[in-house]
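Below is one structure, written out as structure tokens; comments come after it.
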Amino acid sequence: MNIVLFGPPGAGKGTQGVRLAEEKSIAAIAMGDMLRQAVAEQTPLGVQTKQFMDAGKLVPDAVVIGMIEETIVEEDASNGFLLDGFPRNVAQAESLDEMLSRHGFALDAVVFLDASEELLLERLSGRLICKACGFGFHRHYSPPREAGCCDRCGGELYQRDDDNEDVIAQRLHVYQEQTAPMLDYYAHRSSFCRVDADGGMDEVYERLINALEQMH
Ligand code: ADP
Ligand code: ZN
Numbered sequence: 003m004n005i006v007l008f009g010p011p012g013a014g015k016g017t018q019g020v021r022l023a024e025e026k027s028i029a030a031i032a033m034g035d036m037l038r039q040a041v042a043e044q045t046p047l048g049v050q051t052k053q054f055m056d057a058g059k060l061v062p063d064a065v066v067i068g069m070i071e072e073t074i075v076e077e078d079a080s081n082g083f084l085l086d087g088f089p090r091n092v093a094q095a096e097s098l099d100e101m102l103s104r105h106g107f108a109l110d111a112v113v114f115l116d117a118s119e120e121l122l123l124e125r126l127s128g129r130l131i132c133k134a135c136g137f138g139f140h141r142h143y144s145p146p147r148e149a150g151c152c153d154r155c156g157g158e159l160y161q162r163d164d165d166n167e168d169v170i171a172q173r174l175h176v177y178q179e180q181t182a183p184m185l186d187y188y189a190h191r192s193s194f195c196r197v198d199a200d201g202g203m204d205e206v207y208e209r210l211i212n213a214l215e216q217m218h
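The sequence shown begins at 3 in the working numbering and counts up by one.
Below, the structure is given as structure tokens:
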């Protein structure tokens with residue numbers, strides 16, 4: 003099964019995507035995580051990439067398209083994949099279709115995870131992430147049992163460089179300008195569904211599973 007999960011920053015794509023991919027035994031491919039890893043490794047690509055991410059802008063299409071194609075044709079995606087954070091604009095969506103048909107793959111589901119701007123702002127500004135396992139917490143809505151420390155693995159919690167007020171505003175702007183138009187690209191497909199992301203983690207996950215079941 004091949005799935006695209008898209009939506010505004012802060013909608014919970016990462017959380018829901020990892021869980022869904024686990025349940026379906028497919029590879030979870032998170033573009034943002036791959037880019038942050040390139041930044042952390044300080045590869046030449048990573049150094050270039052950081053400037054865009056810190057400014058809340060999209061990394062150039064050629065960079066992300068190349069990374070995705072490499073990952074998809076790798077063995078661990080042969081059982082299927084869930085893409086989180088790619089595509090993020092119409093040009094990337096077109097490249098993905100072209101790339102998939104070239105490799106003989108198709109998309110079984112395109113899920114739009116939707117939330118109001120107000121909710122996104124609240125979520126992003128309070129977000130805390132585990133350095134070790136990547137699990138997300140929120141200062142107010144889902145605080146860790148012990149401050150600064152991950153409930154799951156004891157890892158150190160941090161705030162992402164781009165989760166500050168100015169960059170969040172820019173990311174939401176880029177979303178409206180570049181990512182939201184992908185709705186027109188995908189919405190008419192029978193594989194498309196919209197899931198309301200306003201709710202608790204389990205509640206949203208249940209909606210997601212129901213939406214996928216209704217589709218097939
Ligand atoms: P979020 O969805 O919460 O904004 P991500 O971790 O998915 O977070 O992405 C963080 C940043 O990584 C983006 O603001 C952008 O700079 C870069 N990025 C992620 N995916 C893409 C993509 N498909 N194309 C271009 N840039 C991307
Ligand atoms: Zn952890």
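Even for Gly, the Cβ is constructed at its ideal location relative to N, Cα and C.
The nearest non-hydrogen atom of the ligand ADP is less than 7 Å from the C-beta of D164.
In the three-state DSSP reduction, V197 falls in the strand class (E or B).
No Cβ-Cβ contact shorter than 8 Å links D86 with G157. As computed with DSSP, E148 is found in a beta bridge with C151. Per DSSP, H105 is one residue of the alpha helix (DSSP H) stretching across V92 to H105.
In the structure shown, the three-state DSSP call for R209 is helix. DSSP places H140 inside the beta strand (DSSP E), whose first and last residues are G138 to H140.
The beta carbons of G12 and R125 sit closer together than 8 Å. With a cutoff of 8 Å on beta-carbon distance, K26 and M3 are scored as near each other.
In the three-state reduction of the DSSP assignment, Y160 falls in the strand class. A buried status is given to R129, since no fewer than 16 other beta-carbon atoms sit within 10 Å of its beta-carbon. Close to the ligand ZN, as judged by a C-beta nearer than 6 Å to any of its heavy atoms, are the residues C132, A134, C135, F137, C152, R154, C155 and G157, in chain order.
Just so you know, the alpha carbons of L121 and V65 end up roughly 30 Å apart. A Cβ-Cβ distance of about 5 Å is found for the pair A30 and V20, placing them in contact under the 8 Å criterion.
The beta strand (DSSP E) runs lying completely inside the stretch 13-92 and spanning 3 residues or more are 29-32 and 83-86, given in chain order.
Short note on L60: C-beta closer than 7 Å to some heavy atom of the ligand ADP. In this structure, the alpha-carbon of E167 lies about 15 Å from that of R141. Taking a cut-off of 8 Å for Cβ pairs, the stretch 184-193 and the stretch 37-56 do not touch, as fewer than three such pairs fall below it. For A171, the enclosing alpha helix (DSSP H) has its first and last residue at E167 to V176.
Exclusion of the five residues before and after V176 leaves G58, K59 and L60 as the residues of its chain whose Cβ lies within less than 8 Å of its Cβ.
A distance below 8 Å separates the beta carbons of M217 and A111. When DSSP states are grouped into helix, strand and coil, D204 belongs to the helix group.
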